[in-house]
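The structure under discussion appears below in the form of structure tokens.
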Amino acid sequence: MFLKWYFLDFPREIAQEFWEYFKILSQTFSITFLLRTFFYPWKRVIEGYGKSFDLKRYFSVLIDNIVSRSVGMLIRTIVIILCLIIYLIWVIFLIISLLIWLLYPILIYYSIQISIHNAPLIKWFIVAINILILLSIFYSYKYWRENNLKIPKNLAEYLARYGVQQENIFTPKATNWIIDSWRIGNKAMLTPAEFWQFIQGTDFFHLFVKRANLDTEKLLLVVKQSVQKKDYQLLFWTNLKKFSIVRNKIDLADIFSILLTSNQDLVRFCEDNNLDSLDIFNLSHWIQKYLREEAIKRNKISPTSLRKHVRPIGLSLIYGWTPILDRFTIDLSNNPIIKNDIQLTSSQIEIIQQVIRSLSRQREANVLLIGEPGVGKKTIVSFLNKLSQQGIISPRINYHRIILLRASNLIGSFSSPINLENNLIRILNSANRAGNIILFIEDFNNLINKNNVSMGSINASAILEPYLNSNLHFICAISPEEYHSNIENQGELNNFFEKIQVKEPSQNEVLTILENKIPIYEKESRKQSTKIFFTYQAINKIIKLAGQYIHSEPFPEKAIDLVENLVSYAQQKIAIDNNKNGQIISEKDVIYVVEKKTGIPIGQIQSQERNKLLNLEVLIHQRIIDQEEAVDAIARAIRRSRAKIRNQNRPIGSFLFLGPTGVGKTETAKALADIYFESKEKIIRLDMSEYQEINSIKRLLGPLPGESDFDEGGVFSRLITDNPFGLLLLDEFEKAHPKILNLFLQILDEGWLTDNRGTKLDFRNLIIIATSNAGAEKIRQTVLAGKTLSVEKEKIINQILEQGIFRPELINRFDELVFFKPLNSQHLIKIARLMLNNLAKRIMDNHGIYCQFSQDLVEKIAELGYDPEFGARPMKRVIQDKVETYLAQQIIANRLQRGDSINLTSQIIK
């Protein structure tokens, strides 16, 4: 085995390695490219002869062009000669190296003979050199053995007993695991016990346990108990056999996943730590990938690593200088907008392939990336730049420079539109002459939007059009609404681009993105001595909560922003606690940060909130008289929502309050907002009588694309975005236009609505209460007849439907239809007492005066404050006019001072 490796395998590997480096040299000097462009002018420095013939100018231009080509030829000749010399040296070095290696057994004999007859210093030097060489041979052989292990015959027979019969089914790392575990079993048996005994000492296991936030001792205790069960071994081999059938290769992550999921006790242990079988599989493969990439990064001089950073020397000789372009742009080759390694999702890879095909066309090779800000357009361009610099995409655009032009910065650099226009043309001319430019305009809409006042009368579209079918390639980024508003209707400009949709990635794809980014944040934190570490459960929670509660930006941007918020939070916590061990970011930390960011309670119910939820009816009744049915329905909905029993894809609760005017419908909604949300600002109130016209839809959803004020959005766009958690009160709901009422079919059923800008508005964390006088007369007659509203409910609803006030499908979307009863005299007295008590509290808080109200005054207020048409609504005005006015006069006249008491009777009412 050793002799075969020494004289055959290793020399062959050395020759292959030298060949790889030789290819890098060839890529660097690129002789074929130099010969192909041998007569090209130096840096494209060449002049045209002009349209009119001028003999003097003709000879001047001819001489300049000959000089430019001669300089190019001279430099290419020097480079070619230098390249041939290096090639020769490289080949000689390879031959000498192989001869020394193959003849070393003979050389070592002669070196020992020489050392015997020389001075001690020389003798020990020769011995030391030989020892170093022998150690190198030993470790090279050991490394080769570890990476070229083959499953022994007896082990293969053992595996075949369990149905794993395919040859070379295991990756090298997995093969090492199997063989080492087999040795632990004295080469006689291989069960989960041997696997676990070996695995628990590996880096893979320790990183898995840390990332999964598992207690190592408890896990190993469960393992110890599990491996004693016979069914564990049988199920393990059964699952491994299934993997061997459906997979081309089984790697160590597969083996570890099977070990953890083939025993119910281990599965239950992981589930208790919020890890299901899919999480185990994903986390195992992430750790395997991470360890492999770290090993590659440590080997920075490998051919694979070097090839990524090599550019053919000849390229710089044929492409032009771009001093004007460089003043206003950023070269992504030297200043990448995403500086760390980029890992693409499957959908992003498909988009990259589309972009490459479009840019490789013979004409109109331009791309328009259409997607919301934050979906990954810059990531796609950054990765394209990386591939281009490695020369592995397409001959037409390999090694092209991708140049970032920010239109907003360019526009802001010039004081007048004329200067802007002239310099834009100079920039485009410079890029076009260079011959190797892909211009990436990040904010394309700022350049071509005709409503952009900073552009003045400049028609940027007309300026761009000649260059859109030239040597210059364009990649432009724009949002869907900007595209529909400003480009779709510009036929000629639109036709120059290949339109590629960049959609929001799925949550599984976002997980892949975070798995790439989070180790980078962790590495940066270690440099700052803060040692932040994310658990896998926390990463899952980030994606889940960002998708559920954050709608101001799309994936992956909102998940990455949440990660950055968590990093800042952890760093602050480390500084405050002076924690030198760092901070492990758990699910609880994610919940805390999301709660602070959104104002929405997400975590476990605390004692104060628990008491409020359990006593919500009592608290509301301190503000609302009677109306038991309405208060009970609201309280039930709130408790279902907070206990996470409700349908999470619908609003917290949706209620249609029906009843006469002035019976407490609106006041009930206000009381709920004040008690549960602890803020009157959490109530969003819309008077639906203002939305009776069909055009009112634009007020709610915003103007259509192309209309003025399109960017400002509508009422819903602003209010729902600013108040994602609260109460939406729709007063006089029945007065809205039928088309507007139809909008609520989707809101009540699915919990979201898209405005005219394409923004998704989330209503899932709102309580929606619509008030209406529909059926008020029927309700009044039912109560006067002494009938129960709940019994007559169906009749009242049928009358409302027959009158065409609401459609059946809208009625059925509400969680509850709540009937408010007309107020009787006792209710009115209680309401009057409640309102006067609130007044007394304000007087005490502001002036320190204790007020009491006699029963006759309360009854008088109740009498004056009731109107058959408006119910108790006038009562507030009566109290203002009669009681508040009287108290104000007494306070201003100094007849009432701090510390005084007063008992008010009906005599104050004239």
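The opening residue of the sequence shown carries number 504 in the numbering used here; numbering runs sequentially from there. Heads up, the beta-carbon is just placed ideally off N, CA and C, and yes, glycines get one too.
- Item | L1244 beta carbon less than 8 Å from that of L1313 | Here the question's residue 1313 lines up with position 810 in the sequence shown. Here the question's residue 1244 lines up with position 741 in the sequence shown. The Cβ atoms of L1313 and L1244 lie closer than 8 Å to each other.
- Can you have a look at T504 and say buried or exposed, based on whether 16 or more other CB atoms are within 10 angstroms of its CB? Along the sequence shown, one-based indexing puts residue 504 at 1. Reading off the sequence shown, one finds Met at residue 504, where the question assumed Thr. The residue is exposed, with fewer than 16 neighbouring Cβ atoms inside 10 Å.
- Message: My assumption, with CB atoms under 8 Å, is that G1106 sits in contact with I1094. Please give the rounded CB distance.
- Response: Position 603 of the sequence shown, counted from the first residue, corresponds to residue 1106. Position 591 of the sequence shown, counted from the first residue, corresponds to residue 1094. Confirmed, Cβ separation roughly 4 Å.
- Which ranges would you report for the alpha helix (DSSP H) in the region 1087 to 1175 if only whole runs of at least 4 residues count? Counting only runs of at least 4 residues, the region 1087 to 1175 fully encloses the following alpha helix (DSSP H) elements, listed from N- to C-terminal order: 1090 to 1101, 1110 to 1117, 1119 to 1124, 1131 to 1145.
- Message: With a threshold of 6 Å on Cβ separation, who are the neighbours of I1128 within its own chain once the five nearest residues in sequence on each side are excluded?
- Response: Taking the first residue of the sequence shown as position 1, residue 1128 is located at position 625. Once the five neighbours on either side are set aside, the close Cβ partners of I1128 are H1330, K1333, I1334.
- Check whether the Cβ atoms of I951 and I990 lie closer than 8 Å to each other. For the purposes of this step, residue 951 is identified with residue 448 of the sequence shown, where counting begins at 1. For the purposes of this step, residue 990 is identified with residue 487 of the sequence shown, where counting begins at 1. Yes, the pair counts as a contact, with Cβ atoms nearer than the cut-off.
- Message: In chain order, what are the residue ranges of uninterrupted alpha helix (DSSP H) at least 4 long that sit wholly in the region 892 to 949?
- Response: Within the region 892 to 949, the complete alpha helix (DSSP H) runs of at least 4 residues are 910 to 915, 920 to 937.
- Grab me the residues of K1324's own chain with a C-beta within less than 8 Å of its C-beta, minus the 5 sequence neighbours each way, in chain order. To locate residue 1324, count along the sequence shown from 1; it is residue 821. Once the five neighbours on either side are set aside, the close Cβ partners of K1324 are D1129, Q1130, G1162, V1166, I1282, V1286, L1292.
- Task: Take H1054 as the anchor and find which of L565, P1227, Q1284 has the nearest alpha-carbon.
- Result: By one-based count along the sequence shown, residue 1054 stands at place 551. If we check each option's Cα against that of H1054, P1227 comes out closest.
- Task: State the beta-bridge partners of D1370 as determined by DSSP.
- Result: Residue numbering aside, residue 1370 sits at position 867 when the sequence shown is read from its first letter. Answer by DSSP bridge pairing, in chain order: G1374.
- Could you pull the start and end residues of the beta strand (DSSP E) that Y1353 belongs to? Looking up residue 1353 in the sequence shown gives position 850. Its beta strand (DSSP E) spans residues 1353 to 1356.
- Query: Thinking C-alpha only, which one of E550, T580, R648 is nearest K507?
  - Reply: Within the sequence shown, the letter at position 4 stands for residue 507. Nearest C-alpha to K507: R648.
- Count the other C-beta atoms from every protein chain shown that fall within 10 angstroms of the C-beta of L923, then say buried if there are 16 or more, exposed otherwise. For the purposes of this step, residue 923 is taken as the residue at position 420 of the sequence shown. Result: buried.
- Message: Here's a check: name, in chain order, each residue in its chain whose Cβ is nearer than 7 Å to the Cβ of K1076, leaving out the five neighbours to either side.
- Response: Locating residue 1076 in the sequence shown gives position 573, counting from the first residue. Same-chain partners within the cutoff: Q1086.
- Over the uninterrupted alpha helix (DSSP H) stretch that includes W545, give me the two end residues. Here residue 545 refers to the residue found at position 42 of the sequence shown. Element bounds for W545: n/a, residue is neither H nor E.
- For the alpha helix (DSSP H) containing I829, list its first residue and its last residue. Residue 829 sits at position 326 when you count from the first residue of the sequence shown. The sequence shown places Asp at residue 829, not Ile. Residues 826 to 831.
- Query: What first and last residue would you give for the beta strand (DSSP E) that runs through S760?
  - Reply: The residue you call residue 760 lines up with position 257 of the sequence shown. From DSSP, S760 is part of no beta strand (DSSP E) but of the alpha helix (DSSP H) over 755 to 764.
- What are the boundary residues of the beta strand (DSSP E) that V1321 is part of? Here residue 1321 is taken as the residue at index 818 of the sequence shown, counted from 1. V1321 -> beta strand (DSSP E) spans 1319 to 1322.
- Item | For E1001, three-class secondary structure by DSSP | Translated into the one-based positions of the sequence shown, residue 1001 becomes position 498. Looking at E1001 - three-state DSSP - the assignment turns out to be strand.
- With N1011 as the anchor, note down where its beta strand (DSSP E) starts and where it stops. Counted from its first residue, the sequence shown places residue 1011 at position 508. Membership of N1011 in any beta strand (DSSP E) is not indicated; the residue belongs instead to the alpha helix (DSSP H) covering 1010 to 1030.
- Query: Can you list, in chain order, the residues of its chain whose CB lies under 8 Å from that of K1379, leaving out five sequence neighbours each side?
  - Reply: In the sequence shown, the residue the question calls residue 1379 occupies position 876. If the five residues before and after K1379 are omitted, its C-beta is found closer than 8 Å to the C-beta atoms of M1338, G1368, all from its own chain and listed in chain order.
- Task: Please go through the same chain and pick out, in chain order, the residues whose beta-carbon is closer than 6 Å to the beta-carbon of L931, but skip the five residues on each side of it.
- Result: What you label residue 931 is simply residue 428 of the sequence shown in a count that begins at 1. These residues qualify, in order along the chain: Y970.
- Task: Have a look at the DSSP bridge pairing and note the partners of A1279.
- Result: Looking up residue 1279 in the sequence shown gives position 776. DSSP, once it has assigned bridges, lists no residue as partnering A1279.
- Query: Which residues bound the alpha helix (DSSP H) around H709?
  - Reply: Taking the sequence shown and counting its residues from 1, one reaches residue 709 at position 206. Counting along the chain, the alpha helix (DSSP H) containing H709 begins and ends at 706 to 714.
- If G817 and S533 are in contact, beta carbons under 8 Å, what's the gap, nearest whole angstrom? The residue you call residue 817 lines up with position 314 of the sequence shown. The residue you call residue 533 lines up with position 30 of the sequence shown. Yes, they are in contact, since the Cβ atoms of G817 and S533 sit about 5 Å apart, within 8 Å.
- Message: As a quick exercise: from G938, V956, G959, pick the residue whose alpha carbon is nearest that of G823.
- Response: Taking the first residue of the sequence shown as position 1, residue 823 is located at position 320. Checking every option, the nearest Cα to that of G823 belongs to G938.
- Task: Using beta-carbon positions only, say whether R1153 and R1267 come within less than 8 Å of one another.
- Result: Reading the sequence shown from its first residue, position 650 is the one you call residue 1153. Reading the sequence shown from its first residue, position 764 is the one you call residue 1267. Contact: yes.
- Message: Among the candidates E1132, F1236, R1202, whose CA atom is the shortest distance from the CA of K1296?
- Response: Your numbering for residue 1296 matches position 793 in the sequence shown. For the residues E1132, F1236, R1202, the minimum Cα distance to K1296 belongs to E1132.
- Exposed or buried, what is Y1052 when buried is set at 16 or more other beta-carbons lying within 10 Å of its beta-carbon? Reading the sequence shown from its first residue, position 549 is the one you call residue 1052. Y1052 should be labelled buried.
- Query: In three-state DSSP terms, what is G1229?
  - Reply: One-based indexing of the sequence shown puts residue 1229 at position 726. Note: G1229 maps to strand in three-state DSSP.
- Message: Once DSSP output is grouped into helix, strand and coil, what is the label at L1207?
- Response: As a first step, residue 1207 is located in the sequence shown; it is residue number 704 there, counting from the start. The answer is coil: DSSP assigns L1207 none of H, G, I, E or B.
- Task: Counting only the same chain and skipping the five closest in sequence on each side, list residues whose C-beta sits under 7 Å from that of S760.
- Result: Sequence index remark: in the sequence shown, residue 760 carries index 257 (1-based). I783, F784, S787, listed in sequence order.
- Identity of the residue in L558, T535, L538, N568 nearest K546 by Cα: Looking up residue 546 in the sequence shown gives position 43. Comparing Cα positions, the closest option is N568.
- Item | 8 Å Cβ cutoff met for Q846 and T1033 | In the sequence shown, the residue the question calls residue 846 occupies position 343. In the sequence shown, the residue the question calls residue 1033 occupies position 530. Contact: no.
- Pull up the distance between the alpha-carbon of P1008 and that of F1058, whole angstroms please. Position 505 of the sequence shown, counted from the first residue, corresponds to residue 1008. Position 555 of the sequence shown, counted from the first residue, corresponds to residue 1058. Cα to Cα, P1008 sits roughly 6 Å from F1058.
- Query: Excluding the five sequence neighbours on either side, which residues of its own chain have a C-beta within less than 6 Å of the C-beta of F711, listed in chain order?
  - Reply: Counted from its first residue, the sequence shown places residue 711 at position 208. Result list for F711: I790, in chain order.
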